[in-house]
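**Student:** This is the structure, below, for whatever I ask next.
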Amino acid sequence: MWPMPPFNKRCIIIHFSPHHITCSWFEQDNNKATLKAYKSVPLEHLELERLVIFNPSHISTIIQSFLDEHRLQNTCALFCLSGPSLKEQVVTCETATFCPKKMANTTDFKLPEWEGIIWDHSYLYPSHDGKYVFYIAGITRELLFQYQLLAMQNHLNLTAISPETMGLLNLYKIHKGAQFRHSQLGIELSRHNNDITKMFNEKTLHDVANFGASKVITENHKPALLASLGLFLTRNTRA
Amino acid sequence: MNTINFIKSSSPAQHYSLKVWYRIAGGTLLFTLLSLMLVSGWQIYRLYSLRSDVKTLKLKAKPFTPAFERKKKLEEEVIQTAKKIDQLKQLSAQNKQKYSFLKAICDSCDNSMAISSIRLKNSIEAITLYVPHISSAKSYIERLKKETGIERLLITSLEPSTSGKHGYVVSISPLKRT
């Protein structure tokens, strides 16, 4: 209990995907988020195959080098995951409240498949046939524990572990602000073939964040940064 | 649209409140320690200053030590003497009373009577005397009552005297209250 555990107000977002690990540091300036630093490291030796951490020391080295470079010890951390081990599904439900037992026979969503894993849902939009579309994401306990241990090893105050899609959906909602409508989200998703990353262009990005002139963001890193930004902004709006 | 988060973590607001709690607790602890240190420090200072005062006063009073000892001895002697005086006073008072009783017993006798024995304690216990007549015994009791102030003196025995000089042997004693 004593002394007080060290807390740092700053927050870093680490995006994990099987081929890249992206660390980003955002800060809130007035109403806009500013990208202070980011680093994307390709993973070529199956360090994070299927999101399972096979080489934690190498991943820790990447994270620590980013933290040391920007003096970000004991910061809050948000982990954003994107990969095959993360189970994601979009399901339709006849009721506006998500009830898996009722819909088990009517949709592809099979409850036994999701048993034993930690999962949660989020309401997306109403469909044309009067049904409701939900986004469901789940992760195995072992994998979740691996990421928690990784955070502990790097002395990070882990605040959230979310899927990449959730970060992008949050970014869309924050960008729209008071004009956000679930039905509009549905229209735009169907317009872009359910590829959320395509819903954001350069203008929308600069509306919510400053990326700085010196920082060149490649197209490969864009989804990771967008999801990270979405998670960061969600955390700040809730705080 | 609720955000999916696979872990339950403390929010930044909770972090902030925790920080505030730590600061308040730490401040209070520090303040308590400081005030304790101040109070106890002042008390320790007082203790040491009083000790040094006692030391200097003892040094100053050193030449008067024999006089103090003599004073103590004299005081003890005074107490002992007072005790002895009290004892003497008590004894003299007792003797005075006994003398007055004896004087009264003797004064009450006339030439025809003779005292055989007297038993005295704090008061008259018993008197045995030779009397020529019974009436003279009665008059003796009356006189003795007047002299000593003792009421209820009674003749406890009356026997004719074996010697030919006196008529009777009379025993007189006061009536004891039960």
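One line per chain: the protein sequences are A and B, in this order. Residue numbers for the first sequence, in the numbering used here: 169 to 407. Residue numbers for the second sequence, in the numbering used here: 5 to 182. We put the beta carbon where it would ideally sit given N, CA and C, even for glycine. The structure displayed is predicted, hence computed values, not measured ones.
In this structure, how does DSSP classify B/Glu163 when only helix, strand and coil are distinguished?
**Tutor:** As a first step, residue 163 of chain B is located in the second sequence; it is residue number 159 there, counting from the start. Correct three-state label for B/Glu163: strand.
**Student:** Any C-beta of chain A sitting closer than 8 Å to the C-beta of B/His11?
**Tutor:** Along the second sequence, read from residue 1 onward, the residue named residue 11 of chain B stands at position 7. First, the amino acid is wrong: residue 11 of chain B is Ile here, not His. So yes, B/Ile11 belongs to the interface.
**Student:** Taking CB distances under 8 Å as the criterion, tell me whether A/Met320 reaches chain B.
**Tutor:** Numbered from its first residue, the first sequence carries residue 320 of chain A at position 152. Cβ-Cβ to chain B under 8 Å: no for A/Met320.
**Student:** Taking the beta carbon of A/Pro331 as the centre, do at least 16 other beta carbons fall within 10 Å, making it buried, or is it exposed?
**Tutor:** Taking the first sequence and counting its residues from 1, one reaches residue 331 of chain A at position 163. Result: buried.
**Student:** Name, going along the chain, the residues of the segment 334 to 349 of chain A whose beta-carbon falls closer than 7 Å to a beta-carbon of chain B.
**Tutor:** Met334, Leu337, Asn338 and Lys341
**Student:** So, for A/Glu217: in the same chain, excluding its five sequence neighbours on each side, which residues have a beta-carbon less than 8 Å away from its beta-carbon?
**Tutor:** Position 49 of the first sequence, counted from the first residue, corresponds to residue 217 of chain A. Answer for A/Glu217: Pro186, listed in chain order.
**Student:** From this set, B/Leu124, B/Ser127, B/Tyr144 and B/Gln98, which residue's C-alpha is nearest B/Ala118's C-alpha?
**Tutor:** Counting from 1 along the second sequence, the entry for residue 118 of chain B is found at position 114. B/Ala118 has its Cα closest to that of B/Tyr144, out of B/Leu124, B/Ser127, B/Tyr144 and B/Gln98.
**Student:** Check whether the segment 241 to 254 of chain A and the segment 194 to 210 of chain A touch, using three or more Cβ-Cβ pairs below 8 Å as the test.
**Tutor:** When Cβ pairs closer than 8 Å are counted between the two stretches, the segment 241 to 254 of chain A is seen not to touch the segment 194 to 210 of chain A, the count staying below three.
**Student:** Nearest chain B C-beta to A/Ile227 closer than 8 Å, yes or no?
**Tutor:** Counting from one through the first sequence, the residue named residue 227 of chain A turns up at place 59. So, not an interface residue.
**Student:** Please list, in chain order, all residues of the same chain as B/Val135 whose beta carbon is under 6 Å from its beta carbon, the five residues on each side excluded.
**Tutor:** The residue you call residue 135 of chain B lines up with position 131 of the second sequence. The answer, listed in chain order, is Met117, Ala141, Tyr172 and Val174.
**Student:** When you compare the CB of B/Ile28 with every CB in chain A, is at least one pair closer than 8 Å?
**Tutor:** Here residue 28 of chain B refers to the residue found at position 24 of the second sequence. By this cut-off, B/Ile28 is not an interface position.
**Student:** Classify A/Gln241 as helix, strand or coil using the three-state DSSP reduction.
**Tutor:** Residue 241 of chain A sits at position 73 when you count from the first residue of the first sequence. A/Gln241 falls in the coil class under three-state DSSP.
**Student:** Going by beta-carbon coordinates alone, are A/Gly354 and A/Tyr293 separated by less than 8 Å?
**Tutor:** Residue numbering aside, residue 354 of chain A sits at position 186 when the first sequence is read from its first letter. Residue numbering aside, residue 293 of chain A sits at position 125 when the first sequence is read from its first letter. It is a contact, given that the beta carbons lie within the stated cut-off.
**Student:** So, is A/Pro391 buried or exposed, given that buried needs 16 or more other C-beta atoms within 10 angstroms?
**Tutor:** Sequence index remark: in the first sequence, residue 391 of chain A carries index 223 (1-based). Looking at its Cβ environment, which holds 16 or more other Cβ atoms inside 10 Å, A/Pro391 is buried.
**Student:** Relative to the C-alpha of A/Leu324, which residue among B/Thr7, B/Glu80, B/Met5 and B/Ser13 is closest?
**Tutor:** By 1-based counting over the first sequence, the position of residue 324 of chain A is 156. Closest by alpha carbon: B/Ser13.
**Student:** Start and end of the beta strand (DSSP E) containing A/Glu256?
**Tutor:** In the first sequence, residue 256 of chain A corresponds to position 88, counting from 1. Element bounds for A/Glu256: Lys255 to Cys261.
**Student:** Given A/Leu312, which residues of its chain have a CB within under 8 Å of its CB, disregarding the five upstream and five downstream residues?
**Tutor:** Position 144 of the first sequence, counting from 1, holds the residue named residue 312 of chain A. Hits under 8 Å: Ile286 and Ile329.
**Student:** Using a Cβ-Cβ cut-off of 8 Å, state whether B/Thr32 counts as contacting chain A.
**Tutor:** Position 28 of the second sequence, counted from the start, is the residue given in the question as residue 32 of chain B. No, its Cβ sits nowhere closer than 8 Å to a Cβ of chain A.
**Student:** DSSP three-state call for B/Val135: helix, strand or coil?
**Tutor:** Within the second sequence, numbered from 1, the residue matching residue 135 of chain B stands at position 131. If DSSP states are grouped into helix, strand and coil, B/Val135 belongs with the strands.
**Student:** Using a Cβ cut-off of 7 Å, which residues of the segment 291 to 312 of chain A contact any Cβ in chain B, in chain order?
**Tutor:** Listed by position, the residues of the segment 291 to 312 of chain A near chain B (Cβ gap below 7 Å) are Tyr291, Ala305, Ile307 and Leu312.
**Student:** The beta strand (DSSP E) spanning B/Gln47 covers which residue range?
**Tutor:** Position 43 of the second sequence, counting from 1, holds the residue named residue 47 of chain B. Segment Pro16 to Ala65 is the alpha helix (DSSP H) holding B/Gln47; no beta strand (DSSP E) there.
**Student:** Check this for me: beta carbons of B/Pro178 and B/Ile128, under 8 Å apart or not?
**Tutor:** Translated into positions along the second sequence, residue 178 of chain B becomes position 174. Translated into positions along the second sequence, residue 128 of chain B becomes position 124. Yes, they are a contact pair.
**Student:** Which residues in chain B have a C-beta closer than 8 Å to the C-beta of A/Gln316? List them in chain order.
**Tutor:** Translated into positions along the first sequence, residue 316 of chain A becomes position 148. Near A/Gln316 (Cβ distances below 8 Å), the residues of chain B are Ile11.
**Student:** Kindly say whether B/Thr7, judged by its beta-carbon, lies nearer than 8 Å to any beta-carbon of chain A.
**Tutor:** Indexing the second sequence from 1 puts residue 7 of chain B at position 3. Yes, its Cβ sits closer than 8 Å to a Cβ of chain A.
**Student:** Taking the alpha carbon of A/Ala377 as the point to measure from, which residue in A/Ala205, A/Asn176 and A/Lys177 has its own alpha carbon closest?
**Tutor:** Here residue 377 of chain A refers to the residue found at position 209 of the first sequence. Here the closest residue by C-alpha is A/Ala205.
**Student:** For A/Asp197, which residues in chain B fall below 7 Å Cβ to Cβ?
**Tutor:** Position 29 of the first sequence, counted from the start, is the residue given in the question as residue 197 of chain A. Under the 7 Å cutoff, chain B gives no residues; its nearest Cβ is about 17 Å from A/Asp197.
**Student:** Starting from A/Cys179, follow the beta strand (DSSP E) in both directions and report where the run begins and ends.
**Tutor:** What you label residue 179 of chain A is simply residue 11 of the first sequence in a count that begins at 1. Asn176 to Phe184 is the extent of the beta strand (DSSP E) around A/Cys179.
**Student:** Could you name the residues of the same chain whose beta carbon sits closer than 6 Å to that of A/Ser382, not counting the 5 residues immediately before and after it, in chain order?
**Tutor:** Translated into the one-based positions of the first sequence, residue 382 of chain A becomes position 214. Only weak support exists for where A/Ser382 lies, its pLDDT of 49 falling under 50; the coordinates are left without a value.
**Student:** In the segment 316 to 383 of chain A, which residue ranges form an unbroken beta strand (DSSP E) of at least 3 residues, counting only runs that do not cross its ends?
**Tutor:** 325 to 331
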